[in-house]
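Structure first, then comments.
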Amino acid sequence: MFSIEAIMSSNLITVPPSATLAEARTLMQGNRIHHLPVTDDESLVGLVTLTNVLAATDSFLRDDRNRIHANEVIVENAMVKDVATVDVNASLRQAALFLEKHQIGCLPVMDNGKLVGIITETDFVAVAINLLEQIESEEPYEDSFDDIDVDVA
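Numbered per our numbering, the sequence shown finishes at 1034, counting up by one with no gaps.
And the structure:
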């Protein structure tokens, strides 16, 4: 069965607390991710998300002279400092339940106090797709879908 280690992202992209939100946003956009662990001397000190970046900067609709720009705010001032983490050996089911219960998008994965990966909602969607494909491959194939009720708006 799946383990946290099997589905987590281990090629970590991190940011130091001294980086600006503009730098964090650039990393997120360039790597198509929404969560960046914040590390200081390889220790996890926080987490910055796309939501943090957007919340800490003003809308482009605001007058440019009075707007807070992403290059003016450092990550340390916008990051989540009390970060929930998961041990690499923890149950995948428990990690999924924790994400759902607390409505968070990711959990940094730790191994003996060291950051070794990150597991996100997207990782769990991939697991769900895999499981659905397995279930469907075991079902008898039907070449007609005429009996399926589909409402088209």
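Backbone N, C-alpha and C fix where the C-beta goes; we use that ideal spot for every residue, glycine too. Predicted model only: the values in this text are computed from it and were never measured.
Residue i - DSSP class collapsed to helix/strand/coil
i	result
Met-909	helix
Leu-996	strand
Ile-914	coil
Ile-955	strand
Expected contact under 8 Å - CB spacing of residue i and residue j to nearest Å
i	j	result
Leu-908	Pro-918	That belief does not hold up - the Cβ atoms of Leu-908 and Pro-918 are roughly 11 Å apart, past 8 Å.
Ala-905	Val-956	6 Å
Val-964	Asp-992	Actually they do not touch by this definition, with Cβ atoms about 15 Å apart.
Beta-carbon proximity check, residue i vs residue j, cutoff 7 Å
i	j	result
Ala-959	Ala-977	no
Val-967	Val-990	yes
Asp-1000	Ile-885	According to the sequence provided, residue 1000 is Ile. The question's Asp does not apply to it. It is a contact, given that the beta carbons lie within the stated cut-off.
Thr-930	His-916	yes
Phe-883	Leu-973	yes
Asn-912	Ile-888	no
Environment of residue i [buried if 16+ CB atoms lie within 10 Å]
i	result
Asn-933	buried
Leu-1012	exposed
8 Å Cβ shell around residue i - same chain, five flanking residues per side excluded
i	result
Glu-1002	Leu-980, Gly-986, Cys-987
Nonlocal neighbours in the same chain, by C-beta distance under 7 Å from residue i, ignoring five residues either side
i	result
Glu-953	none
Asp-1098	Residue 1098 lies beyond the range of the chain shown here (882 to 1034); nothing can be said about it.
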